[in-house]
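Residue numbers (my numbering): 2 to 81.
The beta-carbon is built from N, C-alpha and C at its ideal position, and this holds for glycine as well.
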């Protein structure tokens with residue numbers, strides 16, 4: 002899933018299914034915390050639009066804590 006409103010720190014209005022996530026790694030000027038819906042986390046991945054591409058983050062299955070930690074895995078470019 003992708004976080005559509007970068008650089009906003011909160012994508013959704015907090016509700017019953019809202020989950021705060023923490024982004025670790027990747028570019029230093031990406032906000033480190035976002036609020037997303039539980040449905041957006043179903044596959045354990047987050048795709049953040051950034052400059053001319055996307056920064057990809059995956060949930061670390063061994064990490065625990067609040068907000069839910071996601072580690073940077075790669076960058077892809079937007080195809081034109």
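- Task: Could you check which residue in 78, 77, 46, 18 has the C-alpha nearest to that of residue 24?
- Result: 46
- Run the CB neighbour count on residue 56, radius 10 Å, all protein chains shown included, and call it buried at 16 or more, exposed below. buried
- Rounded C-alpha distance that separates residue 12 from residue 80: Low confidence applies here, because residue 12 scores a pLDDT of 48, under 50, leaving its location unreliable; read the following figure in that light. Going from the Cα of residue 12 to the Cα of residue 80 covers about 24 Å.
- Neighbourhood of residue 70 by C-beta distance below 8 Å, restricted to the same chain and skipping five residues each side: 22, 23, 25, 60, 61, 64
- Of all the options 67, 66, 54, which has the alpha carbon lying nearest to the alpha carbon of residue 75? 54
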